[in-house]
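Chains as they are written, first to last, in our numbering: chain S, 1 to 158; chain Z, 159 to 273. Each residue gets a CB set at the ideal place from its N, CA and C atoms; glycine is no exception. To start, the structure under review is shown below, and the notes come after it.
Laid out in structure tokens, this is it:
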């Protein structure tokens, strides 16, 4: 399965959920599939999408979905374990595992050596094709993403 | 930065210099790394909370990427309480550059605990 098809599958059932997309092609493909104010597109700080999702899920009643890649998950294996420990019921974490760093040209990761699911049973791993992807850059500034997202997830929103 | 008691979401990575403060905070969540702690704080910020992150200066280096590529471009301010160690030898260099590093990062929202 292509990664963008996996993102389409996840998003087809999404209504009011907050969605956090990891750095690079995952954020770009989420934007291409379904842009909405309750999506947060992380452009830098690779490995930190799940941490942001945890901070949201622990503080809101809303359901939160985090889309990570295998490279980002490998960078922050500790966060998978923290997620297992804290395990807020309103947080779903997907790892879209293509066994490579797609955004930077397809260099291999070592994701074949780790069983993410046994490390954190509350993580769902979806194996996707080892492709780079070709979604264009997101035409929003980080400041605009931040402001739009904060307004859209604020507990005080109208 | 805000006074401690105004914060309603507290995370961090411990330091013996911070033990007495952290031990009194019921809502403190221990994290595995300092950048992860900042990421949880960012989620809490978006959820309308006032987060606080505890760390020691040795871990400040782990936060450079999330400060430069998330907090700065996205316009997010997170309060940090940083214990400053400059001895023994493995703490000496970071102890010497901690305030310069924060200046270089143009980071204002912090308090240093030197004791």
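Among the bridge pairs identified by DSSP, residue 21 of chain S is matched with S:41 and S:67. The Cβ atoms of residue 201 of chain Z and residue 55 of chain S sit closer than 7 Å to each other.
Assignment of residue 110 of chain S by DSSP, reduced to helix, strand and coil, places it in the coil class. Going by DSSP, residue 9 of chain S is part of the alpha helix (DSSP H) stretching over 3 to 11. Residue 187 of chain Z sits in a strand when the DSSP states are folded into three classes.
DSSP lists Z:213 and Z:270 as the beta-bridge partner residues of residue 240 of chain Z.
With fewer than 16 neighbouring CB atoms inside 10 Å of its own CB, residue 105 of chain S falls in the exposed class.
Taking a cut-off of 8 Å for Cβ pairs, the region 166 to 178 of chain Z and the region 133 to 143 of chain S do not touch, as fewer than three such pairs fall below it. The residue among S:51, S:35 and S:153 with its C-alpha nearest the C-alpha of residue 92 of chain S is S:51. Taking C-beta separations shorter than 8 Å and ignoring five residues to either side along the sequence, the partners of residue 257 of chain Z in its chain run 270, following chain order.
Secondary structure of residue 50 of chain S (DSSP, three-state): helix. The continuous stretches of alpha helix (DSSP H) do not include residue 219 of chain Z, and DSSP gives it neither H nor E. The Cβ atoms of residue 53 of chain S and residue 20 of chain S sit closer than 7 Å to each other.
In this structure, the alpha-carbon of residue 16 of chain S lies about 10 Å from that of residue 153 of chain S.
Of all residues in the region 170 to 197 of chain Z, the ones placed with a Cβ closer than 9 Å to any Cβ belonging to chain S are 187, 188, 189, 190, 191, 193, 194, 195, 196 and 197, in chain order. For residue 97 of chain S, the enclosing beta strand (DSSP E) has its first and last residue at 91 to 97. Looking only at Z:243, Z:244, Z:225 and Z:251, the smallest Cα-Cα distance to residue 266 of chain Z is reached by Z:225. The Cβ atoms of residue 32 of chain S and residue 135 of chain S sit closer than 7 Å to each other. The three-state secondary structure of residue 105 of chain S, taken from DSSP, is coil. The C-beta distance from residue 237 of chain Z to residue 165 of chain Z rounds to 7 Å, short enough to fall under 8 Å.
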